[in-house]
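Peer 1:
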Amino acid sequence: MALTSKITCTVCSKHFHRRTKTRTGTSHKFWWCYNATRGQGNPCQAPQVREETLKHICQDALGLDTWDEEAVITGINTITISPDRSVCVELAGGSIRRYQTDGHPSMEGEVRSVG
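Throughout the sequence shown, residue numbering follows the numbering used here, covering 7 to 121 in sequence.
1. Taking the alpha helix (DSSP H) that Lys61 falls in, what are its first and last residues?
2. Between which two residues does the alpha helix (DSSP H) containing Val78 stretch?
3. Closer than 7 Å by C-beta to Trp73: which residues in its own chain qualify, once you throw out the five before and the five after it? Chain order, please.
4. In terms of residue numbering, what span does the beta strand (DSSP E) encompassing Val17 cover?
5. With a 10 Å radius around its C-beta and 16 neighbouring C-beta atoms as the bar for buried, classify Thr30 as buried or exposed.
6. If Ala52 and Cys94 are in contact, beta carbons under 8 Å, what's the gap, nearest whole angstrom?
7. If I measure Cβ to Cβ from Glu114 and keep anything under 6 Å in the same chain, skipping five residues before and after, which residues do I get?
8. Between which two residues does the beta strand (DSSP E) harbouring His23 extend?
9. Note down the Cα distance separating Thr43 from His23, rounded to an integer number of angstroms.
10. By the three-class DSSP mapping on this structure, what secondary structure does Thr43 have?
11. Keeping to the same chain, check which residues put their C-beta closer than 8 Å to that of Asn41; ignore five residues upstream and five downstream.
Next comes the structure, spelled out in structure tokens:
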């Protein structure tokens, strides 16, 4: 997955990891800070972010209509996620795009570009 080495937590600087949750027969992919996946609570208060939300953010940051893994690999340097659910995308050219995700992580939250 193109996002594995790109996403870091703003509090502890650990990479986010992909997890799958299944509820009532439906599975969803989420990304969550490494420290929160170790089974010892969530010390940095990093949010879980649905993979579809992250894909939408990447597509918007790169101006893509559809998901393009190669474009994400080459076009995005880093993605940082804060406890307040803000997402900062640094593009390969050095520009920064900021987003705010809303809603509970188990629902498809609204994503707003904030800069």
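Where is the CB? At the ideal position from N, CA and C, for every residue including glycine.
Keep in mind the model is a prediction, meaning the values are calculated, not measured.
Peer 2: This is what the structure gives:
1. Glu57 to Leu68
2. Glu75 to Gly81
3. Lys61 and Gln65
4. Unbroken run through Val17: none, as it is neither H nor E.
5. exposed
6. With 8 Å as the limit, Ala52 and Cys94 do not qualify as a contact, their Cβ atoms being about 14 Å apart.
7. Confidence in Glu114 is poor, its pLDDT being 43 and thus under 50, which makes the residue's placement unreliable; the coordinate value appears in the next sentence. So no residue of the chain qualifies.
8. Phe22 to Arg29
9. 8 Å
10. helix
11. Cys15, Cys18, Lys20, Asn48, Pro49, Cys50 and Ala52
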